[in-house]
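Asker: Can you keep this structure in mind? I'll have questions shortly.
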Amino acid sequence: MSLELLQRKELFKQEAFWGGAWKKGNSDLKIEVVNPATLEVLGDVPSLGKSETLEAIQTSLDAFQDWSRRTAKERSNLIRTWADLMKKNREDLAILMTLEQGKPLVESRGEIDYAASFLEWFAEEGKRVYGDIIPSHRKDTKIEVIKQPVGVCGILTPWNFPSSMITRKAGAALAAGCTVISKPSELTPFSALALAVLAQEAGIPEGVFQVLTGYPEEIANTLMDHSEVRKISFTGSTRVGKLIMERSSKTLKKLSLELGGNAPFLVFDDADLEAAVKGAILSKFRNAGQTCVCANRFLVQKGIYNDFVSLFSESALKLKIGDGLENDTTIGPLINEAAVRKVEGHVQDALNKGGKLQLGGKRLESGKLFFSPTIISETPKNSLSMQEEVFGPVAPVYRFDFMEEAIEVANSTPSGLASYAFTEDYRKMRFLADNISAGMLGINEGLISTEQVPFGGIKESGFGREGSKYGIQEYLNVKYVCIGGF
Ligand code: SIN
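Start counting the sequence shown at 6; every next residue gets the next number (the working numbering).
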């Protein structure tokens with residue numbers, strides 16, 4: 006089972022954390038968690054529902070009274086201690102993540118660093134939540150603007166980044182003075198629970214950070230319907246993001262929605278071929294293609310097209326698929342059977358419509374979740390993989406003639422999260438920066454995520470920004486105060 010690899014067994018919790026204690030839940034319902042590499046059951050967690058969520062909300066509200074009134078520096082010290090504990094327990098956290106999520110250990114270690122970096126970042130940002138003094142319109146009044154924490158926040162996070170999506174939200178929320186109820190994916194709850202163990206060890210007070218395990222519907226609906234939960238931050242699909250927006254409208258909550266992407270990856274004739282291929286491998290195959298910011302569609306100019314396809318295929322062939330716990334693995338399994346079926350459907354559709362299989366295209370072993378890195382050249386624009394988020398290790402490549410055409414194709418989907426372009430021409434870079442419809446653009450870079458930058462999308466990829474100086478603002482209300490009688 007490999008859980009014996011953990012140095013600190015107490016990081017593996019099969020209880021949820023709310024109401025000030027580790028508990029099993031008000032019913033005996035449980036959810037089993039499966040290792041996608043071996044299909045073995047790793048353990049189980051309570052399947053919580055409405056009653057436990059209501060308890061958690063009350064605890065969170067009570068905790069908010071004290072937490073929001075502490076000094077920013079006091080909160081900062083606790084959040085930083087939490088980050089330090091993550092770094093100290095990095096290997097155990099990474100093993101847990103690989104066991105439940107499947108990504109290679111090297112990527113899990115990277116994700117723990119990435120996750121801790123958000124806590125460090127926001128521990129500092131919390132001390133810089135400045136207001137304003139505005140010159141008044143009257144001699145006898147003074148005008149000031151203050152920022153206040155929004156209150157209890159529900160954070161709903163996905164299985165593809167089981168730690169960093171939590172800390173990216175919770176770090177900002179806690180630093181702003183909010184309290185947090187975290188609902189991780191039922192597929193990867195153990196990473197979230199381990200974070201709660203460390204939050205408790207760091208001295209983060211009772212009720213400030215709670216973790217509810219279970220299926221999303223009942224917990225999320227209870228959070229969304231409750232008038233005292235003032236903010237929901239969600240990372241996941243556009244379909245669910247729209248449902249959240251609709252349901253939260255009843256209590257007009259503040260929302261941050263980081264939704265699906267369909268990132269175009271443009272390669273121009275004047276690009277550095279090796280850099281473009283390196284960027285393509287990183288962007289496409291990180292986490293087996295299961296990231297919202299993954300390159301989804303490769304748009305390659307005709308002059309460099311053949312060289313790009315052949316070097317890209319040659320490089321992808323070197324990737325080693327396997328159990329993420331094995332040292333030389335560079336691509337792990339997909340998360341579940343449904344994910345494999347979706348990817349198979351995208352490959353078949355592209356081939357049916359005239360695409361040419363350059364590499365891979367199939368599941369490696371019947372009944373298992375390993376899918377080989379796949380490259381399909383001459384993929385037509387109307388194929389599913391060019392229009393929808395693939396969320397798997399499949400790279401459809403499309404040939405274009407002129408920049409205008411590439412931009413038109415790049416901007417032709419309802420999504421607008423990440424985008425990538427490779428060119429050595431500075432004027433083209435500027436033009437692309439102005440004309441690509443996306444919240445993020447990597448130029449000559451395939452990996453653009455880091456804690457300092459505003460991560461987020463436009464169009465149906467959602468709204469709100471995470472990380473950076475902007476991320477904390479999502480957890481603050483702006484209050485204007487007019488003081489008269491001077
Ligand atoms: C995501 O896929 O939602 C997050 C990826 C990242 O932060 O790089």
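C-beta: ideal position from N, C-alpha, C; glycine also.
Can you grab the Cα-Cα spacing for the pair S420 / D275, in whole Å?
Answerer: On the sequence shown, position 415 is the one that residue 420 refers to. On the sequence shown, position 270 is the one that residue 275 refers to. Going by the C-alpha atoms only, they are around 27 Å apart.
Asker: Is G461 buried or exposed, if buried means 16 or more other CB atoms sit within 10 Å of its CB?
Answerer: What you label residue 461 is simply residue 456 of the sequence shown in a count that begins at 1. G461 comes out buried.
Asker: Whole angstroms is fine: what's the gap from T103's alpha carbon to P140's?
Answerer: Position 98 of the sequence shown, counting from 1, holds the residue named residue 103. Position 135 of the sequence shown, counting from 1, holds the residue named residue 140. Going by the C-alpha atoms only, they are around 55 Å apart.
Asker: Within this structure, are the beta carbons of S288 and G451 separated by less than 8 Å?
Answerer: The sequence position of residue 288 within the sequence shown is 283, counting from 1. The sequence position of residue 451 within the sequence shown is 446, counting from 1. Yes. Within cutoff.
Asker: Would you list the one or two residues that DSSP bridges to G159?
Answerer: The residue given as residue 159 occupies position 154 in the sequence shown. The partner list for G159 (beta bridge, DSSP) reads I186 and I237.
Asker: Run through DSSP, which three-state label would L364 get?
Answerer: Within the sequence shown, residue 364 is the residue found at index 359, counting from 1. Here L364 sits in strand by DSSP.
Asker: Confirm, please, whether the CB-CB distance from P269 to A321 is below 8 Å.
Answerer: The residue you call residue 321 lines up with position 316 of the sequence shown. The residue you call residue 269 lines up with position 264 of the sequence shown. It is not a contact, given that the beta carbons lie outside the stated cut-off.
Asker: Between A181 and the rest of its own chain, which residues show a CB-CB distance below 6 Å, the 5 nearest in sequence each way excluded?
Answerer: Against the sequence shown, residue 181 aligns to sequence position 176. Counting only Cβ-Cβ distances below 6 Å, and skipping sequence neighbours, we find P154, I477, Y480 and L481.
Asker: Between E331 and T193, is the Cβ-Cβ spacing less than 8 Å?
Answerer: For the purposes of this step, residue 331 is identified with residue 326 of the sequence shown, where counting begins at 1. For the purposes of this step, residue 193 is identified with residue 188 of the sequence shown, where counting begins at 1. No; because the gap between Cβ atoms is not below 8 Å, this pair is not in contact.
Asker: Does the ligand SIN have even one heavy atom less than 7 Å from the beta-carbon of S454?
Answerer: For the purposes of this step, residue 454 is taken as residue 449 along the sequence shown, with counting starting at 1. At least one heavy atom of the ligand SIN is nearer than 7 Å to the Cβ of S454, so yes.
Asker: If I measure Cβ to Cβ from A178 and keep anything under 6 Å in the same chain, skipping five residues before and after, which residues do I get?
Answerer: For the purposes of this step, residue 178 is identified with residue 173 of the sequence shown, where counting begins at 1. If we look at A178 and ignore the five residues flanking it on each side, its Cβ neighbours are C158, V185 and Y480.
Asker: I think L124 touches I84, with their Cβ atoms under 8 Å apart; what is that distance to the nearest whole Å?
Answerer: Residue mapping note: residue 124 aligns to position 119 of the sequence shown, counting from 1. Residue mapping note: residue 84 aligns to position 79 of the sequence shown, counting from 1. Their Cβ separation, rounded to whole angstroms, is 5 Å, which keeps L124 and I84 in contact under 8 Å.
Asker: Among P385, S190, Y485 and R346, whose alpha-carbon lies nearest the alpha-carbon of S371?
Answerer: For the purposes of this step, residue 371 is taken as residue 366 along the sequence shown, with counting starting at 1. Ranking P385, S190, Y485 and R346 by Cα distance to S371 puts R346 first.
Asker: Check for me: the beta strand (DSSP E) holding P154 runs from which residue to which?
Answerer: Start at 1 with the first residue of the sequence shown, and residue 154 comes out as number 149. That run of the beta strand (DSSP E) goes K147 to P154.
Asker: Just checking my contact of G327 with R235 at CB under 8 Å: how many whole Å lie between their CB atoms?
Answerer: The count along the sequence shown starts at 1 and reaches residue 327 at position 322. The count along the sequence shown starts at 1 and reaches residue 235 at position 230. 45 Å between Cβ atoms; not a contact.
Asker: Given this structure, state the Cα-to-Cα distance separating L8 from S65, to the nearest angstrom.
Answerer: Locating residue 8 in the sequence shown gives position 3, counting from the first residue. Locating residue 65 in the sequence shown gives position 60, counting from the first residue. L8 and S65: Cα-Cα distance of roughly 32 Å.
Asker: Would DSSP call E383 helix, strand or coil?
Answerer: Working through the sequence shown from its first residue, we reach residue 383 at position 378. Correct three-state label for E383: coil.
Asker: By the three-class DSSP mapping on this structure, what secondary structure does D439 have?
Answerer: On the sequence shown, residue 439 is found 434 positions in, with the first residue counted as 1. Helix, per DSSP.
Asker: Going by DSSP in three states, W164 sits in which element: helix, strand or coil?
Answerer: The count along the sequence shown starts at 1 and reaches residue 164 at position 159. Coil at W164, not helix or strand.
Asker: Please list, in chain order, all residues of the same chain as D67 whose beta carbon is under 7 Å from its beta carbon, the five residues on each side excluded.
Answerer: One-based indexing of the sequence shown puts residue 67 at position 62. G212, listed in sequence order.
Asker: Could you check if S169 belongs to the surroundings of the ligand SIN, using beta carbon to heavy atom distance under 7 Å?
Answerer: Numbered from 1 along the sequence shown, position 164 holds the residue referred to as residue 169. For the ligand SIN, at least one heavy atom lies less than 7 Å from the Cβ of S169.
Asker: Is any non-hydrogen atom of the ligand SIN found closer than 7 Å to the C-beta of T296, if you look at the structure I gave you?
Answerer: If you number the sequence shown from 1, residue 296 lands on position 291. Yes, the Cβ of T296 comes within 7 Å of a heavy atom of the ligand SIN.
Asker: Three or more C-beta pairs closer than 8 Å, one from the region 276-283 and one from the region 249-263: is that the case here?
Answerer: Cβ pair count under 8 Å is below three, so no.
Asker: What does DSSP give as the partner residues of C299 in its beta bridges?
Answerer: Reading the sequence shown from its first residue, position 294 is the one you call residue 299. Partner(s): none; C299 has no beta bridge.
Asker: Which residue comes first and which comes last in the beta strand (DSSP E) that contains G48?
Answerer: Along the sequence shown, one-based indexing puts residue 48 at 43. G48 -> beta strand (DSSP E) spans V46 to P51.
Asker: Using alpha carbons as the reference points, say which of N449, G444, I441 and S442 lies closest to D430.
Answerer: Here residue 430 is taken as the residue at index 425 of the sequence shown, counted from 1. Residue N449 is the option with its Cα nearest to D430.
Asker: Return the residue from the list K108, E130 and E410 that minimises the CA-CA distance to S473.
Answerer: On the sequence shown, residue 473 is found 468 positions in, with the first residue counted as 1. Selected option, being the one with the closest Cα: E130.
Asker: Along the chain, which unbroken stretches of the alpha helix (DSSP H) at least 4 residues long are found entirely within the region 221-277?
Answerer: Taking only runs of at least 4 residues, the alpha helix (DSSP H) segments lying wholly in the region 221-277 are 221-230 and 243-253.
Asker: Return yes when the Cβ of A21 is within less than 8 Å of the Cβ of K543, no when it is not.
Answerer: Given a span of 6 to 491 for the chain in the structure shown, any question on residue 543 remains unanswerable.
Asker: Taking only three categories from DSSP, how would you classify N332?
Answerer: Here residue 332 refers to the residue found at position 327 of the sequence shown. It is coil, neither helix nor strand.
Asker: Using DSSP with H/G/I as helix, E/B as strand and the rest coil, what is E450?
Answerer: In the sequence shown, the residue the question calls residue 450 occupies position 445. Here E450 sits in coil by DSSP.
Asker: Who pairs with P401 in a beta bridge, going by DSSP?
Answerer: Working through the sequence shown from its first residue, we reach residue 401 at position 396. BP columns for P401 point to I381.
Asker: Thinking H351 and S390 are a contact (beta carbons under 8 Å), I'd like their distance in whole angstroms, please.
Answerer: Taking the first residue of the sequence shown as 1, we reach residue 351 at position 346. Taking the first residue of the sequence shown as 1, we reach residue 390 at position 385. Contact holds; Cβ gap of about 4 Å.
Asker: If I follow the unbroken beta strand (DSSP E) through K484, where does it start and stop?
Answerer: As a working note, residue 484 is residue 479 in the sequence shown. Where K484 is concerned, the enclosing beta strand (DSSP E) stretches over L481 to I488.
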